[in-house]
Each structure stands twice: as C-alpha cells, then as structure tokens.
Amino acid sequence: KTWASRIRLQTFFQVLNFSVKCYSKHGHLQTRHPYSQIKPRKCLVPDGTGNAHNSTLPHGSLLQGRCFSCKEVIKVSRKRKKKPSVITSGLLYKDLLRSEQENWNENSARYKSMIKRIKQKLGELHEKYTLNLSSPRISFGENVYFEENGCIFLSKADDVDKANVLFSTEDIGFSDAHIQRIRISPDQRYMALGLKSENSEEATCVVMKLDCSPVLEKVIPNTFSFEWATSDVLFYTIQKNLKCQEVFMTNFTDEQHTKLVYSEQDARFFVDIYCTKDRHFLTINSNSKTTSEVWLVDCSHPFKSPVLLQARINGVIYHVEHRNDELYILTTYGEPAEYKLMKAPVASTGLGNWQLFYALEEKTKLIDLEMFSNHCIMFLKRNGHLYLDVISFVSRSVQSIKLPTWACAFELESHPEHTTSTCYFQLTSPVHPPKRFAYSFKANNLIEQAEQEVPIIKNCHTTRLLAKSKDETLVPITVFHNIKSKELHRKPLLVHVYGAYGIDLNMSFKEEKLMLIEEGWILAYCHVRGGGELGLSWHKDGCQHNKLNGLHDLQACIMLLHELGFSQPKSTAVAAASAGGVLAGALCNTHPELTRAVVLQAPFLDVLNTMLKTHLPLTIEEQEEWGNPLADEKTMKYIKNYCPYQNIKPQPYPSVFITAYENDQRVPLPGILRYVKKLRKATRDYASRTERKGNWIPNIILDIQPNGSHCDSSWEDSVNE
C-alpha cells in the first residue's frame with residue numbers, strides 16, 4: 006500500500022483494535038445507499054463443469070457484511086499456535102468451554118438493559134459519523150474503482166455518482182469474505198482481490214478478467230500480498246502456518262504458468278512484495294524485526310531473476326522506492342539508528358553508494374512516507390503532535406507543517422497517483438471522526454475539505470502530559486475528557502496501553518470512545534516504551550531485557566493521572582489487546598491497587614512458556630522482541646520476573662474481563678483457560694486467608710467468541726463485545 010505498510014511489516018503486525026468495526030454484518034445499521042440507481046452488470050462465473058453462467062445484481066443491490074475499505078489491512082500479530090495440553094484436551098476441554106460460557110451468560114444477564122442502551126447509542130453514533138464515509142477510490146487514468154459492501158464499482162473520474170457494478174463477492178462464491186486488498190493490472194484487463202473471512206488467518210487472492218462481462222480467472226488460496234509486474238504477470242506470496250516465505254509468479258497469457266521466484270530460508274524473516282510508485286520495479290522484501298533485505302524485479306523484464314539490492318546486515322532495516330533512475334532508500338543504517346532517507350543509482354545499489362538525502366530529528370516517529378513524481382511527503386509525530394514534511398526533489402527544499410492539535414492519527418487515501426498535484430489524507434483521533442485534508446503541491450499549502458458534512462466534536466478536551474518513570478524517563482500520555490465534566494476525580498477513567506513491537510497505540514476514531522466521553526468518562530492513552538511513539542529507540546528501550554521499562558512507564562502514567570485529579574483507583578480500568586496484555590497483566594500482579602478493572606482482548610499472558618517452545622511457528626522470530634530464554638539463564642529469569650501467568654499470587658486483584666476467540670491461532674484458548682483458572686484460584690485463596698467483613702472478591706470473566714479470529718470480529722460481534 007504505502008511505505009508505512011512496509012515499515013510495519015518488519016514487525017509483521019499492527020496494533021489490533023479493541024473497537025467496533027466499521028462495517029455492517031447484516032445491514033442492521035444500513036438505512037440507504039447512494040448508489041441505489043446504479044445499472045447492474047453481468048458477471049460470468051465458471052461453474053463446476055468449467056463453463057460460465059451469468060449472474061446479475063438487481064438494481065440497487067448491495068450485499069451486506071463487507072468491510073467499507075478496499076485498502077490493505079495487515080492484521081498479522083505476534084502470537085503463537087499452541088497445542089492443547091493433556092489437562093485441557095478432549096472432554097475436559099469441552100467442559101471448560103461450556104462452564105465458561107455458562108458463567109458468562111450468568112454474569113451478562115444482569116446487564117441486559119445497559120447492553121440494549123449501549124447498542125442503540127453505538128448504532129446512532131455509527132450512522133452519524135461513520136456509515137456514510139466514502140470508500141477509498143483507486144484512480145486509473147479516466148476510471149475510478151471502489152468497493153462498497155462486497156461490490157466492486159467502476160465510474161468515470163469526472164462523474165463518480167454514475168457508477169456501474171462490475172461484480173460482487175457473492176457472485177464469485179465468497180459471500181462470507183470481506184475485501185482486504187485490490188490490485189489492478191496496468192492495462193486494466195485484470196483485477197486481483199484479497200478476500201478474507203472473519204474466521205480465518207489466511208486470505209484468498211481472486212483474479213478477475215475485466216471484460217464486458219467480468220470472468221473469474223484464477224483463485225489462489227493462502228496469499229498474503231500480491232502485485233502486478235506487467236499487465237498479465239502477477240507476483241504473490243503464500244502464507245503457511247502464520248509464516249510468509251515464498252514468492253510465486255503467474256503469467257496469464259501462457260496458460261497461467263506459475264513458478265517459484267524466491268524462497269526465504271531464515272525462520273525469523275517474513276516476505277512481502279510491493280511495486281514502486283512509478284511501477285518501474287517490483288520489490289521482494291524480506292524482513293525480520295530488526296533486519297531486512299530487498300530484491301528487485303524489473304517490471305519491464307519480469308521473467309529475469311530478481312537482483313539483490315543490498316545483502317542483509319544485522320540490525321539494519323531498509324525499504325526502497327524509485328525515481329528517475331535513482332533508488333530512494335528509507336533505512337536505519339548509520340547513526341543515530343533512526344529512519345533516514347538515502348539514495349543510490351540503480352546501476353550501483355551497494356551500501357557504499359548510499360548517500361544521505363534527508364534525516365529525521367531524534368525522538369521523531371515516521372508514520373508514513375509517500376513518493377510522488379517531484380515531491381516526497383512524510384507524516385511525522387514530534388512531541389505528541391502530527392507534522393507534514395514536504396520535500397521537493399526539484400528545489401531540494403523542505404516545508405514542515407504542523408497539523409491540527411486535535412489530530413492523533415492519519416490515513417493516507419489509497420493509491421494516490423504518482424503524478425498527481427494533490428495529496429489527500431484524513432486526520433482523526435479516538436473521539437474525532439475522520440476529516441479530509443489535502444496538500445497542494447502547486448500552491449504549497451494545506452487545504453481542509455469544506456464539503457464534508459461530518460459533525461465537528463466540540464465537547465471534548467485533549468490534554469497531553471508527561472509522566473516521570475522509574476528511571477526519570479518522561480513518558481507521554483494523551484488524555485480526553487468532556488469539557489463540561491466537573492470534579493474529574495470522581496469520573497471513571499479508561500487507560501489504554503500496548504507497548505510492544507515498536508507499534509503505536511491505535512488512535513483512530515471509534516464510536517465507543519466518543520460514547521464514553523459523552524457519558525462522562527476520561528480516556529487516557531499511555532505511550533509507554535516498547536511502542537514506537539518516539540521513534541525506533543523508544544521501542545528498543547522497551548523490548549527484550551528492557552521490557553520492564555514499559556511496566557514502570559504504565560505505573561508512572563496511572564499514578565500521575567490520579568495525582569492530577571483524573572479519577573481515582575476505585576474508578577480506573579485498563580484496556581489492552583494482544584501483546585498489550587503482557588503489561589496490563591503484569592500490572593495486575595505488581596500494582597493491583599492502581600485499578601479496579603482490566604479488560605483484555607485476545608491477550609498474550611504466558612510469555613515464558615511460549616518462548617520456550619521453539620516448535621511453535623512464530624517463537625523463533627519473536628526472540629528479537631522478547632529474548633531467547635533457552636539461550637541464557639539471564640533471559641529466562643528476566644522473562645519470568647514480569648510474565649503475567651508466572652507471577653499470579655494470592656492477593657487483591659482487580660476484576661478482569663477477557664475476550665477470547667475459538668479460532669484464534671495466535672493466542673489459542675488453552676493458554677487463556679490456564680491463566681483464568683490460576684487467577685481465580687489466587688483470588689479465592691486470598692479471600693479465604695483474609696476472611697473479614699466487606700472483603701471484596703473480583704469478577705474474573707472469560708467471554709469466548711465462537712466467531713472471529715485474533716482480535717478480528719464482525720460488526721455485530723464487536724458491538725456485543
């Protein structure tokens with residue numbers, strides 16, 4: 006998609022949203038659609054005999070249950086595929102599942118009226134702020150392609166309101182899947198789509214031939230990324246057992262001949278592919294969490310063997326773009342070990358020929374970079390604020406623009422044309438719906454798109470704080486609260502934390518966050534070490550033998566919030582997902598008095614046992630984040646010192662609500678069941694030892710979702726959560 010996709014891929018996943026998804030499962034929130042008068046098109050779908058039949062969409066027919074966005078969604082997080090132990094196998098395992106479901110049903114019954122009210126409120130907010138947001142457009146000359154609810158549309162650039170339906174996912178036999186990714190061949194004869202169901206980790210690539218009546222040309226299962234090198238040659242990667250290490254090529258004019266192009270042998274590395282913006286090169290990118298290597302395929306000669314740009318150097322990450330016979334290399338090479346933009350001639354790509362072009366300031370987070378014909382745009386975060394740096398290749402000048410102070414996250418619009426004169430993007434925050442902006446290269450200024458009808462949020466105040474951690478490091482906190490709220494020390498506080506893989510906390514808009522603000526809650530986002538908010542060094546200071554820094558940071562943030570009058574421990578909850586469960590779970594063991602409740606989604610809670618099992622598919626590549634306890638006793642003791650599961654003991658605990666998924670390959674149920682069992686025993690043991698009037702026993706609730714995979718569920722299921 007963009008440079009950000011590749012930057013994120015060295016860690017193989019992005020922060021997983023504990024949020025309501027922006028699509029409707031069965032149309033419960035759908036009231037109308039702007040394309041109700043669209044003329045349907047017929048789609049030829051091969052049947053079991055190899056013949057094709059016509060499938061026609063009725064007027065205004067839009068299939069429900071699809072993600073709004075056709076942009077690439079990378080949801081490859083870092084959890085392991087464990088085998089059920091003897092303790093939780095067979096009938097006993099099923100009994101445990103049944104027991105937990107009965108326990109949840111009993112606990113949830115008391116909240117029926119609240120659930121009804123909240124679901125209604127979320128539906129109203131979704132319809133008001135999110136439902137009518139337009140899908141990303143893919144411009145291709147005079148044509149514009151976009152996706153809405155599983156239907157692919159085609160319109161002319163000068164008349165987007167008159168769009169035709171090309172085909173739907175239901176027509177091609179994928180009614181239960183949503184579209185993750187779209188790639189169109191240079192001559193627009195073929196379209197490749199990435200389709201994924203909510204119960205599967207793997208996606209399927211479907212290639213459609215865009216004739217007068219689109220034809221299903223090829224189905225490629227278990228794909229991760231794919232790109233067109235030419236109008237009829239498709240490169241793609243195959244994902245097996247949560248790993249992606251092979252690249253294949255299919256030629257659609259040669260009886261769909263397929264061959265293996267590249268195979269990665271190092272288990273620490275994950276492979277994806279990308280086309281440079283000018284479509285001159287296709288890049289094969291092999292990344293571990295700390296090291297990368299790029300191979301180049303000349304798109305004008307796609308059958309030639311890939312050429313190595315620079316052999317991997319331990320600790321050096323790099324990604325590549327191309328312009329005017331020069332390679333622009335975004336890399337961590339050199340001092341300081343933060344991202345910098347370098348360039349080298351195509352004829353001499355070795356490290357000795359890399360020349361510095363632009364360097365980031367220290368403690369600056371590079372969020373995204375986009376190349377255009379004469380400009381390069383960088384989206385940055387400095388001191389908690391978003392900036393737009395525009396580099397002119399012609400004048401070699403740099404213009405830095407501070408974006409609105411309320412903005413916490415941005416989204417570049419999909420597939421901007423290489424030669425465009427305007428770059429469009431959206432700004433948002435957890436409580437501010439996406440607002441469209443544009444930067445004009447001709448006028449050299451930022452333009453706020455006035456035609457939007459998204460209501461402005463005016464009742465929310467944003468505060469940025471710095472908490473002093475145990476080692477005197479200042480840790481950023483972003484706080485949101487209702488302007489009308491008084492006596493903030495009496496208001497409930499929801500603290501968010503992640504702190505792993507160099508990934509920022511997700512600060513995009515979510516309806517449920519705005520609902521909490523309207524109900525008087527305070528929201529705090531703790532940007533602890535281990536995340537990436539202050540650059541690569543911020544991650545380095547919170548991983549492996551520095552992981553405890555993230556825990557100390559979280560403790561300092563919550564204590565500062567209470568000291569400043571933002572709520573109090575008895576009204577404080579902590580929310581975390583996936584790897585964020587490590588810090589949240591560790592806090593429950595070390596400082597349970599700081600919070601009354603903890604909400605965990607598919608949490609990683611047993612670091613030690615997982616990292617000891619090298620037969621699991623992701624353990625080896627995870628060693629760069631957590632360390633290798635099998636290699637030395639020091640690492641073993643260090644992990645054991647903070648691992649949530651290993652440090653449960655009889656003491657007062659906050660109430661804990663865990664959402665888990667039956668189909669989760671990354672945090673399977675047996676491990677979570679063991680954690681819940683051990684935690685419940687610890688709370689009972691403490692209660693029995695300290696029997697006295699008014700002794701409070703926390704709720705330990707496990708909600709097991711039968712649908713969805715790792716932190717990935719449908720609109721309806723996420724509303725219920």
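All you need for my numbering is the position in the sequence shown, starting with 1, plus 5.
Note that beta-carbon positions come from the ideal geometry of N, C-alpha and C, so glycine has one too.
8 Å contact criterion, which residue i and residue j should meet: CB distance rounded
i, j, result
"Leu684", "Ile705", "6 Å"
"Ala589", "Leu605", "6 Å"
"Ile289", "Val302", "7 Å"
is_contact[residue i, chain C] using C-beta, thresh 8 Å
i, result
"Arg495", "Of the chains in the structure shown, none is chain C; there is only one protein chain."
Limits of the alpha helix (DSSP H) - the one that residue i falls within
i, result
"Tyr691", "674–694"
"Ser378", "No alpha helix (DSSP H) contains Ser378, which DSSP labels as neither H nor E."
"Cys217", "From DSSP, Cys217 is part of no alpha helix (DSSP H); its letter is neither H nor E."
"Lys117", "117–130"
"Gln628", "624–631"
Three-state class that DSSP yields for residue i in the structure shown
i, result
"Ile322", "coil"
"Lys618", "coil"
"Asp722", "helix"
"Glu203", "coil"
"Ser434", "strand"
"Asn712", "coil"
"Met512", "coil"
"Leu599", "helix"
"Asn668", "coil"
"Gly536", "strand"
"Arg495", "helix"
"His183", "strand"
"Ala114", "helix"
"Ser160", "strand"
"Trp233", "strand"
"Lys223", "strand"
"Cys562", "helix"
"Ser104", "helix"
"Ser576", "helix"
"Cys548", "coil"
"Trp109", "helix"
"Tyr134", "helix"
"Ile653", "coil"
Cβ pair residue i, residue j closer than 8 Å
i, j, result
"Gln628", "Leu592", "no"
"His727", "Lys407", "With the chain covering 6 to 726 only, the question about residue 727 has no answer from this structure."
"Tyr444", "Thr425", "no"
"Glu152", "Ile184", "yes"
"Val579", "Ile522", "no"
"Glu331", "Lys348", "yes"
"Thr619", "Leu599", "no"
"Lys223", "Gln261", "yes"
"Leu541", "Ala412", "no"
"Ala234", "Cys304", "yes"
"Ile278", "Thr242", "yes"
"Pro608", "Ser583", "yes"
"Ile625", "Glu667", "no"
"Arg328", "Phe398", "yes"
"Thr228", "Thr209", "yes"
"Pro659", "Val724", "no"
"Ser297", "Ile322", "yes"
"Pro438", "Phe384", "no"
"Leu566", "Ser572", "yes"
"Pro481", "His532", "yes"
"Phe274", "Gln250", "yes"
"Ile396", "Tyr363", "yes"
Per DSSP, cross-strand counterpart(s) of residue i
i, result
"Ala208", "Thr228"
"Asn487", "Cys465"
"Phe415", "Leu432"
"Pro350", "Glu331"
"Cys531", "Ile482"
"Phe446", "Phe446 pairs with nothing; no bridge assigned."
"Ser293", "DSSP output for Ser293 lists no bridge partner at all."
"Met196", "Ile189, Met213"
N-terminal and C-terminal residue of the beta strand (DSSP E) that residue i is part of
i, result
"His501", "498–501"
"Thr263", "262–268"
"Tyr643", "Element bounds for Tyr643: not the beta strand (DSSP E) but the alpha helix (DSSP H), 638–647."
"Lys248", "248–256"
"Glu153", "148–153"
"Leu361", "360–364"
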